[in-house]
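Engineer: I am attaching a structure below and will ask some questions about it afterwards.
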Amino acid sequence: MEFALVKFLIDVTSSVLLLLCGVQSEIEKIKVQKNHVESFIQSTESAIESSKTALNEVGQESVASLRNIVNDIEDVVDEFEFHTNERRSWNIFNKIINFPKTLIDVYRIATELQRINAEIRERNELRGPVAAQGGIIMSSTTPNSAPSHIAEGRARFGVSNLFLEDNELVGIEDKKKELMDLVLSGKPERTVISVIGMGGSGKTSLVANIFSSSQVKQQFHNCTAWVTVSHAKCTIENILKDTIRELFGAETSELTYRELVEKVVGFLDQKRYLVVLDDVWKVDNLSRELDVAFPPGSVGSRIILTTRDEDVGSILFGVGSMVRFRVEPLEDDKAMELFCRKAFPSHGRCPPQFEEIAHHFVKKCEGLPLGLVALGGLMSTKTEYGKWCGVLEHLNWELSKNPRLKMLQSILSLSYIDLPSHLKRCFLYCCVYPENYPLQRGRLVRLWIAEGFVELEGSGMTPEEMAERYVDDLVRRSLLQIFEDHSQGSPKALRMHDLLRHLAVRISQEKKFCAVYNGGKVWEERRLYRLSIQRNYGEEDQTRKAIEKFKVRSLIVSDQIDMHTSSLTSFLSGFKLLRVLDLKRSSTGPVLPNQVVKFYLLTYLNLKGTQVKKLPEDIGDLSNLQTLDIRQTQIRALPSGIVKLENLRHLLMCHNTSNDGHDQNFEIVCGTQAPPGICELKNLQVLDGIIVEIGSDLIKRLSTSMTQLKNIALTNLKEADGDDLCVLIERMKRIELLSLVTFNENEVLRIDSGNFGVSSPPSNPLNRLTTLTLGGKLEKLPFWFDRSDRYLINLKALHLHWSSLTDEDFFSRIGKLPNLAELVLRNAYEGQKLLFLEGFEKLRCLSLFYFPELNEIVIEKGVMPALGYFHIFHCEELKRPPSGVEHLHCLRELHLAGVSNELIERVREGGSDRSMVKHIRHIWHQGTFPEYLS
């Protein structure tokens, strides 16, 4: 009997294994097919977007069909991986009990694979004479021609702007004067001026107004040329041909490249010329070839480039000088003035009954002149308040469908079209967050990695390094903006311009890339892989019932959305193939639903700011998990199963105990307990907020087996840990962020020994460090600060908490750090005076917290020349404003809180006569926000 049972189990297992092996083989093959189809779709869409080809109706249906095939392949591959992971967690009895289910699952997957393969074969057979184009039927347009609305937009904002009157250039009068001075300056060498700004910022309008002025024409003796480069014309031959036509109207169709160069050089040699290259998109060999064609000379010639790309704006032309000139968005008052001139052309100002709603439209444009002009022109046709409300409510639809706004969308779309495919996905992903939402840099990096957007391509870089490069690329191309950046280092938070977000939402909907629920209608799509929930809905809402039908892979729930445990449990029940679950700051309740640990494909889990108190022990079943974020939760200890997560790269678990950061207690931050095996996770890059237990050898184990870490934060440190900490720091060759906090304010943090002095700068671990936080008694700064030419040369942010420093000279030592942009001192000094006598060349933000004895701050002239934000909190003995604050010409904000009434009164007096705060835009104190505008 027993023998028969064993034989039966062996036979059954063998049959299942054979079937699984066959399906596994087909899965690998279908993945290759998917890559081929995706590559074709990307190349086709790139051709369409660059306007080289146009799809007819059959072609559009074919692309949609191909995209459905890709989605079907993703579904079947994910299903197979899910069931494979599920079986791995079963014991022998589970496998016996679930044998029928296994057969059904494998059979269903095999059947679906056959159907997909049959559909692919059928498409191949039907392609016929257009096989090389994958069955896509194209209709040709004029080669290298843009769609009519794009061409119209370029014409309108290019040539036609040559005739704008000065009074139409609202808000850029100072910029015009500054740029005019550069163009007309007496510098004899040829100067290249790069005018940089996002699409629609007014670059072309500004340059065109200067170009057409009589003053410029006279000084350059009409030896001027305006060349619109754009995507299609970005070749040296096209630029030279257009330059020749502009200069003397000659025909150039038969000329060779050499003849073109000779003709331009022959005409411009020894002449003072002005050439504008408008809308430059790529560099390649442009600077070298143009340097040959446009003679440098010494007669004061000028070349002006307008571009959206920081890299293009930084290209160097051989001989001569170069100037980078940035065009920023309009200030609120100027933006309102421009909008009202267009919306109310008869009298140029806003009627009182329209003021409030007009401000809403202006806010949407965020200082972008092109948006203000386009929306203002649209609203000038509507005289009823109700129609204004209707346009504002349905602005996204208006932007995509209204002919009056088509050109605006087209101009903005050019920046998206120019992106490579991997950056297009990253750009579109940013729209899953609400308007004006601060996009944390680290969060974007981790999400893009989890979504599979990061392509390493044999670069030798880590996924994090490549994703960081993606962020920089989008910022450089003006598609993401720095959000309230208080430093000159890498921005911690970014944001997407409102109009660009509307563009991203529209494209995402068209491509079925993601969907945003914000109270609108329910979708009718078969699939909805990425879903962002930005508004609450009831338990029985039809929206919820619709969402539960979708095969959601990424679920992002916005802050404060009510997703309590019972609701979340039911909601997640159908999302077994989930890869990304982001519940940051949503109302989830204290218990994490059990089915979360059954999401075997999950790569990203964000519980930051939720009320979750405990992680399940079988969290280790999430074998694909790369990011786990439990910061600001009630979780204070990790389960032992965490050590099974071999693919984990980011473990974030630091908890701030103060809501506003102004708590006067030392324990403003605490960590999380972790099991000893945590040091076996060899893929970890970030270990943020781990408690060092008394008697633990955690630090030694970290320095032995975790040297790959880039971000480490340790809490509960003791003075006796000093030697181990120094060894740890010395061995962390890739460390970029380091946080060390003792268990109370009286404990000494000893980190000034070790052998850093014998290491050469390239291999010195402190040279990669960008952010350093030290919490605990220091008595004196570590010796690293004495050699700013050798150590901490890349440090951008320094936070010192309860350091108990007594040496006044510590400020001069910090001031020598060459790249320090942010300095936070919390009860770090016990003296009465803070003397800023030298240095701090790049400091942008200075925050002083809890200096109980401080009664005087002195700032020498020339110190902190870049300071923009100055915060003074809870310094009760400080009765007078900082001496020398009038020298801080870049200061934007002075923030006072918990200070004496005498200090506030003196600041007010300084504000009234404008002697002290003539450069400060905002002075905040005690929760009020009076403004002193320069």
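Taken in order, the sequence shown gives residues -25 to -1, 1 to 909; the numbers are from mature numbering (1 follows the signal peptide of the UniProt record, and there is no 0). We put the beta carbon where it would ideally sit given N, CA and C, even for glycine.
1. Could you tell me which residues DSSP pairs with Val298 in its beta bridges?
2. Just grab the DSSP bridge partners of Val267 for me.
3. Please determine, among Ile2, Glu443, Val7, the residue with the shortest C-alpha to C-alpha distance to Val52.
4. Is DSSP giving Ser529 helix, strand or coil here?
5. Which one of Ile386, Gln683, Arg90 has the shortest CA to CA distance from Ile704?
6. Put Arg801 into one of helix, strand or coil per three-state DSSP.
7. Following the continuous alpha helix (DSSP H) through Ala225, name the residue where it begins and the one where it ends.
8. Going by C-alpha distance, which of Leu556, Gly750, Lys216, Asn622 is nearest Val644?
9. So, at 6 Å on beta carbons, what are the nonlocal neighbours of Phe550 in its own chain, with the 5 sequence-adjacent residues on each side left out?
10. For Ser289 and Ile669, what's the separation of their Cα atoms in angstroms?
11. With C-beta atoms as the reference, is Ile768 less than 7 Å away from Asn802?
12. Terminal residues of the continuous alpha helix (DSSP H) containing Asn184?
13. Starting from Ser507, follow its DSSP beta bridges and name the residues at the other end.
14. Report the start-end ranges of each alpha helix (DSSP H) in the stretch 366 to 452 that is 4 residues or longer and not cut off at the edges.
15. Three-state secondary structure (DSSP) at Asn599?
16. Which one of Leu713, Thr745, Asp696, Arg709 has the shortest CA to CA distance from Val723?
17. Would you call the stretch 244 to 254 and the stretch 225 to 234 touching, i.e. three or more CB-CB distances under 8 Å?
18. Using only CA atoms, which one of Ala268, His397, His477, Pro271 lies nearest to Gly346?
19. Between the alpha carbons of Asn511 and Trp423, how many angstroms are there, rounded?
20. Helix, strand or coil: which one does DSSP assign to Ile1?
21. Hey, could you find the ends of the alpha helix (DSSP H) Glu868 is sitting in?
22. Straight-line CA distance for Val429 to Ile834?
23. Does DSSP classify residue 951 as helix, strand or coil?
24. Which residues mark the beginning and the end of the beta strand (DSSP E) in which Arg247 is found?
25. Looking at the structure shown, is Trp777 part of a helix, part of a strand, or coil, going by DSSP?
26. Reducing DSSP to helix, strand and coil, say where Val145 ends up.
27. Tell me the DSSP bridge mates of Asp456?
28. Mapping the DSSP letters down to three states, classify Trp363 as helix, strand or coil.
29. Put His864 into one of helix, strand or coil per three-state DSSP.
30. Would you give the residue range spanned by the beta strand (DSSP E) that Leu627 belongs to?
31. Candidates Lys589, Arg418, Ser262, Glu54: which alpha carbon is nearest Val287's?
32. Tell me which residues share the same chain as Gln901 and place their Cβ nearer than 6 Å to its Cβ, disregarding the 5 neighbours each side in the sequence.
33. Have a look at Leu387, Phe319, Val81, Arg554 and flag the residue whose alpha-carbon is nearest the alpha-carbon of Leu343.
34. Along the chain, where does the beta strand (DSSP E) containing Lys808 start, and where does it finish?
35. Below 8 Å, how does it come out for the stretch 701 to 715 and the stretch 610 to 628: are there three or more Cβ pairs, yes or no?
36. Within its chain, find whatever has a CB closer than 8 Å to the CB of Val(-3); leave out the 5 residues flanking it on each side and keep chain order.
Structural biologist: Quick answer:
1. Taking the first residue of the sequence shown as position 1, residue 298 is located at position 323. BP columns for Val298 point to Ile168.
2. Mapped onto the sequence shown, residue 267 falls at position 292. Bridge partners of Val267: none, in fact.
3. Looking up residue 52 in the sequence shown gives position 77. For Val52, the nearest C-alpha among the options comes from Ile2.
4. Residue 529 sits at position 554 when you count from the first residue of the sequence shown. If DSSP states are grouped into helix, strand and coil, Ser529 belongs with the strands.
5. Position 729 of the sequence shown, counting from 1, holds the residue named residue 704. Per the Cα distances, Gln683.
6. As a working note, residue 801 is residue 826 in the sequence shown. Looking at Arg801 - three-state DSSP - the assignment turns out to be strand.
7. On the sequence shown, residue 225 is found 250 positions in, with the first residue counted as 1. Neither: Ala225 is in no alpha helix (DSSP H) and is coded neither H nor E.
8. As a first step, residue 644 must be located in the sequence shown, where it is residue number 669. It is Gly750.
9. For the purposes of this step, residue 550 is taken as residue 575 along the sequence shown, with counting starting at 1. Excluding residues within five positions, the ones whose Cβ falls inside 6 Å are Val527.
10. Translated into positions along the sequence shown, residue 289 becomes position 314. Translated into positions along the sequence shown, residue 669 becomes position 694. About 54 Å.
11. Translated into positions along the sequence shown, residue 768 becomes position 793. Translated into positions along the sequence shown, residue 802 becomes position 827. Contact flag unset, no.
12. Translated into positions along the sequence shown, residue 184 becomes position 209. Looking at the DSSP string, the run of the alpha helix (DSSP H) that includes Asn184 is 178 to 186.
13. As a first step, residue 507 is located in the sequence shown; it is residue number 532 there, counting from the start. Partner(s): Val491, Ile531.
14. 370 to 376, 378 to 392, 396 to 404, 416 to 426, 438 to 451
15. The count along the sequence shown starts at 1 and reaches residue 599 at position 624. Note: Asn599 maps to coil in three-state DSSP.
16. For this step, residue 723 is matched to residue 748 along the sequence shown. Among Leu713, Thr745, Asp696, Arg709, the Cα nearest to that of Val723 is on Asp696.
17. no
18. Taking the first residue of the sequence shown as 1, we reach residue 346 at position 371. With distances taken between Cα atoms, Gly346 lies closest to His477.
19. Counting from one through the sequence shown, the residue named residue 511 turns up at place 536. Counting from one through the sequence shown, the residue named residue 423 turns up at place 448. Approximately 26 Å, taken between the alpha carbons.
20. Counting from one through the sequence shown, the residue named residue 1 turns up at place 26. What sits at residue 1 in the sequence shown is Glu, not Ile. Looking at Glu1 - three-state DSSP - the assignment turns out to be helix.
21. Here residue 868 corresponds to residue number 893 of the sequence shown, with the count starting at 1. Element bounds for Glu868: not the alpha helix (DSSP H) but the beta strand (DSSP E), 868 to 872.
22. One-based indexing of the sequence shown puts residue 429 at position 454. One-based indexing of the sequence shown puts residue 834 at position 859. Spanning the two alpha carbons is a distance of roughly 46 Å.
23. The structure shown does not extend to residue 951, since the chain is modelled only from -25 to 909, so the question has no answer here.
24. Residue 247 sits at position 272 when you count from the first residue of the sequence shown. Counting along the chain, Arg247 falls outside any beta strand (DSSP E), and DSSP gives it neither H nor E.
25. Reading the sequence shown from its first residue, position 802 is the one you call residue 777. Residue state, collapsed to three classes: coil.
26. Counting from one through the sequence shown, the residue named residue 145 turns up at place 170. Note: Val145 maps to coil in three-state DSSP.
27. Counting from one through the sequence shown, the residue named residue 456 turns up at place 481. According to the sequence displayed, residue 456 carries Gln and not Asp. In DSSP, Gln456 forms a bridge with Arg470.
28. Within the sequence shown, the letter at position 388 stands for residue 363. If DSSP states are grouped into helix, strand and coil, Trp363 belongs with the helices.
29. As a working note, residue 864 is residue 889 in the sequence shown. DSSP places His864 in coil when its eight states are reduced to three.
30. Position 652 of the sequence shown, counted from the first residue, corresponds to residue 627. That run of the beta strand (DSSP E) goes 625 to 627.
31. Here residue 287 is taken as the residue at index 312 of the sequence shown, counted from 1. Minimum Cα distance to Val287 is reached at Ser262.
32. Against the sequence shown, residue 901 aligns to sequence position 926. Because Gln901 sits at a pLDDT of 48, beneath the cut-off of 50, its placement in the model cannot be relied upon, and the point is left open.
33. Along the sequence shown, read from residue 1 onward, the residue named residue 343 stands at position 368. The shortest Cα separation from Leu343 among Leu387, Phe319, Val81, Arg554 belongs to Leu387.
34. For the purposes of this step, residue 808 is taken as residue 833 along the sequence shown, with counting starting at 1. Here the beta strand (DSSP E) through Lys808 covers 808 to 811.
35. no
36. Here residue -3 refers to the residue found at position 23 of the sequence shown. Cβ within range, chain order: Phe55, Val81, Ile84, Ala85, Leu88.
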